[in-house]
Amino acid sequence: MTLPRVYEDQLVERAKVDADAFGELYDHYFGQIYRFVYSRLREQDAAEDVTSEVFFKALRAIHRYKPAGHPFSAWLYQISVNAIADHYRSKRPESDLDAATGIADKQAPLDEHVARRDEAARVWAAIDSLPAQQRTAMTLKLGEDMKLAAIGEIMGKSEGAVKLLVHRGMIGVRERLGIDRPGAPDPTATPGSRGAPPGRGGR
Amino acid sequence: MSDRIPPAPMDRWDDPELAALFAGDPELYELSRSLRASRPEPAVGRHFEPYLRARLMDAAAHELRPRGLSRWLRPRPGLLAGGGAALGVAMIAAVVVATVAHQSGDSKIDLVSTNVAENHQVNPDDVITVSFSQAVDHGSVEHNLQIRPATTVQTRWAGNTLVITPVHHLAANTPYTVTIPHDAVRSQSGGQVARADIHITFGTRSTPSPGPTQQPVVTPTLSPLPLGPVTPDTQLVFGPDGAVLATRGLATASPSASPSPTATDTAGLLPSLPATPPLRGLPLPVPAVSSTPSSSASPSAPATPHLLHLAADGSGSTTLGPASSAAAFSPSGASLSYLVRRTSTQADLWVASADGSHAVRLVRNADIGSPLAWSAEDSVVYLSGGQVTSVDLQGRSRPVGGSLRVAPGQDVAFAPGGQVVYVGPAPSTAGRGSASPSGSATPSPSASPSPSASASATGSASASPAADSTGRLVVLASGATQPLRGITGMPAFSGDGARVAWVDAGGSTPLLVWTSTGDTTGTPTVISTPAVAGDAISTLALSGDGSRVLFTLAHNGAAAAVRVVTVASSVTVALGDGPVSAPVFSARGDRVAFVRSAADGTAQADVATIPGAGASATPAADAVPTDATGVLERFVGAQLLRDTGTMHSLAAAALSLAPSLTAEPVTRSYVIKSTLDAASGAVTAQVRLVRDASQTQGVSYADEVITLARDAAGQPFQVTAVSLDGFRVEPVGPQIVHVTSERQQSTLVLRLAFDSDLDPASVTAAAITVAGAHGAALPIQVNYEVESRTVVVRIADAPADALTLAVSGALHDIAGQPLPAAYSTTLQG
């Protein structure tokens, strides 16, 4: 998944003047970046637009890029975070949890699979209602399996600060889902209790 | 219609970081697992990825021209807002164009590009890339890939590009050939093959290799050799003779046991100093130069710290002067300066010959704890009253560094060369208030005293201290500053002062970083370490060329371990037990000295050879005087350039250069072995001249024997004879590129460096033998250091006779190719 650092550094240097090298970077990182963008937007058209913007921004700015000891992906994620923020600012107001969950509630599941996806969407919609930085940290951690330190590199924060964001974000999600209310239905279940995780591997 | 990004593996819902974060709240952890398991499944349009790629490549063809030429060609935001029908049409067009272009190509596969072809100065750390004109059968190419000299590689593919990573980096100063037979380069369907054999020739540059690109399977261990007792706060400096100087070494012999050297005080010339004696020209009661075998040190004898010269082989010490707080050798190594405490606030700055004789006191007002550095062969910089001050050998001093002032207790260090100074964060108000002169030098425990000179100043700075909250470099001439972000402890400088390394403790995980001194625009480069949050990195030293860094790493509260790591590739090349202090590299970077303290308060200076260091193809025979090596290198370098003027200047007048001039250009050369004939004082060097391979001919070489001698004692070495064989094609198989010997106490250690990765199973005492003067085989121990491609032969209790080293064809490389011809050479035991 990760390019050897020496090779990546050389590739990035070449990509400053060589379209093929930039294409190789694109080939390597497209999946990661698209997945991240999609997990934040959960809308295919928007994800494609924003991903396009991310790579074009990278193309225009790569001559200014200097390796700082972090993987090149950290720089792309930084661009992505900014592009997503721009998208939210220009396209729509902050995500409304009630609306999101309401939509989920109104769309009656047709079968178990759809029900799981709907439920997943409802749970992740709770993340959308978090403050932006918590949302980014949560998405990178829970959606991209990134290390806390790597998230810190992308967000320009210390690992401790990222821990705080994730911790607060999780508490916020729990509150929004009402899990800690006595008698509230558990909107989620562990993968073990459900067999295959919804949306993963069971298709 | 949409495709789906492949999901993550199923076994990843448990995350140790999240488990630790939510250890006190199992419900939150379960929720995090659920969120990870139910994360949105990304959907992407089937053609979106190739479509976006096509658009990017189109834009890149304009964007990636040299800056400033095509700014108007950059895509406008409007171009990015595409969607719907317009994009659909464009997308279809792009796919069609790509398809047509592909189908209209020739059916043969071509080598499109490689990053190394015909480059004879490739960085040994580089990977090799080979790009094909279309998709090929990966397995076939990898299976038939041939690299000469034999090199262990890992391969991966990026599209149609094969990326070849040498596991133990490329050998420096070596010609390479990469070959892939044309019928091995076939399309994935097997219907097409390459137009011709792929034959890539290149060579690597002669810079010493910083190390392998990947972690060696077994990291060599530092084996310290004790040099002698010291005080725990001593600083160490490597001397020009390879010995180690301890500023506070412990010798038991009486300093007055031998005649006092002549000492002269120039400080009396300074009007600001007290007129009290001694006056210039009068002998001073400096401690005598005396020799003390370390083995004779008696625990009951009074142990008084002195400036000690510790023999490199641990055989004893020599007192050079009184205990000092800092010491530095001049750039040529001919002179030594050191600071000796005189009062509770001030120290005397002395200059002496390298052996401690002819000591002269230059100034009397240096700050206690001031660092020292030579800014030229005849001037030294130090701190006086918190002001950086320069003094020449006549005792004429002047302030430098403008308004820069160093506060008491503030960390300060000079980069070698004395042009740049590191100034630590300004001490806190409380700290400044309590920083009354302690009367003793207080170098930071994490400081690297050399090649940089570092200390915590305890002088009587009267000017306002710098208020910066972070440590920074200051260029003394211009006052320009360079912050060292997040620095904790002291930085370490390379021998030329061009690089600086430090520990960035700004985050929870300490980072080891480096940058070029004077580079105020770049971002520091991180040197990867195993450190995790809560670990501590300290005690830095950089090698002379800045290619290796030593540090200690304390993990999880355990005792610190010593690591030597390559700066370029972050590979650990040696490990050792810690903690240690005052580490310093030798000038050649092949040895390191440090102080090891015991729980009872005692300490000793150790020196250790870094496994594999110095084994690259550079002349390095310890027995050969360095000035002879320098003449030899310059002569051979001039030979490559066919610079007859320089060759004449280095050769005896009577020597005809005609035999040493080759008819055709030579690409590279290296000294395989050089030896000193102790009886005649002549140096004989076996040199190999190499022509790299080209598309039409293979590697060829010619062997040359160069003799150097002095006209008379004290005169410089000259080339007195040259004998050059004709060029011949280099045979297949491993080549011996360098042979050295050194004695480690009673053990003679021979090192044979190869250009190829050897089959470790073939490196045995059966393939390598050493015979004594009468032809009897000596018992030997043979090891192979894979990362440096070096065979190490140890001969315990080696006789001091002429020994014959022989290597047979039983030794072979990883490709099974044997040594092309038996090798034999004579060495002095």
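Protein chains in written order, with the working numbering: chain S, 1 to 203; chain C, 204 to 1032.
Cβ atoms here follow ideal geometry from the backbone N, Cα and C, with glycine treated the same way.
- Three or more Cβ pairs closer than 8 Å define a contact, and the stretch 606-622 of chain C falls short of that threshold against the stretch 556-565 of chain C.
- Using a CB distance cut-off of 8 Å, E321 of chain C does not count as an interface residue toward chain S.
- According to the DSSP assignment, K163 of chain S belongs to the alpha helix (DSSP H) that extends over 159-177.
- Here the alpha carbon of D9 of chain S sits roughly 42 Å from the alpha carbon of P435 of chain C.
- Of the candidates C:P611, C:T812, C:G605, C:P611 places its Cα closest to the Cα of G572 of chain C.
- The beta carbons of D707 of chain C and L714 of chain C sit closer together than 8 Å.
- If you check the CB distance, I350 of chain C and T358 of chain C do not come in under 8 Å.
- If you draw a straight line from the Cα of E907 of chain C to the Cα of P919 of chain C, it is about 22 Å long.
- Proximity of G152 of chain S to chain C, defined by a Cβ-Cβ separation below 8 Å, is satisfied.
- Within chain S, the residues Q44, E48 have their CB atoms less than 8 Å from the CB of G248 of chain C, given in chain order.
- When beta bridges are read from the DSSP output, R351 of chain C appears opposite C:T380.
- Taking all protein chains in view, the Cβ of Q898 of chain C is surrounded by fewer than 16 other Cβ atoms within 10 Å, so the residue is classified as exposed.
- Closer than 8 Å to the CB of R242 of chain C there is at least one CB belonging to chain S.
- The three-state secondary structure of M260 of chain C, taken from DSSP, is helix.
- Looking at the DSSP output, N986 of chain C sits in a beta bridge with C:V995.
- The beta-carbon of A263 of chain C is placed less than 8 Å from the nearest beta-carbon of chain S.
- When DSSP states are grouped into helix, strand and coil, P229 of chain C belongs to the helix group.
- With 16 or more neighbouring CB atoms inside 10 Å of its own CB, Q938 of chain C falls in the buried class.
- For the 8 Å CB-CB criterion, T878 of chain C and V827 of chain C form a contact.
- Look at S750 of chain C: its C-beta is not under 8 Å from any C-beta on chain S.
- Neighbours of G737 of chain C in chain S, taken as residues at a C-beta separation under 7 Å, are lacking, since the least C-beta distance is about 11 Å.
- When DSSP states are grouped into helix, strand and coil, L687 of chain C belongs to the coil group.
- Rounded to the nearest whole angstrom, the CA to CA distance from L575 of chain C to A514 of chain C is 23 Å.
- Residue S:E24 holds the alpha-carbon nearest to the alpha-carbon of L259 of chain C among S:A83, S:E24, S:Q78.
- Membership of F36 of chain S in the alpha helix (DSSP H) is indicated by the continuous run 19-41.
- Here L860 of chain C has T847, M850, H851, A854 as same chain residues with Cβ atoms under 7 Å from its own Cβ, once five neighbours each way along the sequence are excluded.
- Taking 8 Å as the cut-off, the beta carbon of V123 of chain S is found no closer than this to the beta carbon of A83 of chain S.
- Under DSSP, G588 of chain C shares a beta bridge with no residue.
- When secondary structure is reduced to three states using DSSP, V735 of chain C falls in the coil class, being assigned neither helix nor strand.
- Per DSSP, L11 of chain S lies in no beta strand (DSSP E); the unbroken alpha helix (DSSP H) holding it starts and ends at 5-15.
- Sequence-distant Cβ neighbours of R239 of chain C in its own chain, meaning closer than 6 Å and more than five residues away, are W216.
- Residues of chain C whose Cβ lies closer than 8 Å to the Cβ of W124 of chain S are, in chain order, L238, S241, R242, P243.
- Per DSSP, Q133 of chain S is one residue of the alpha helix (DSSP H) stretching across 132-138.
- Interface residue (Cβ-Cβ distance to chain C less than 8 Å): P4 of chain S is classified as such.
- A distance below 8 Å separates the beta carbons of Q807 of chain C and R799 of chain C.
- DSSP places M693 of chain C within a strand segment (E or B) once states are collapsed to three.
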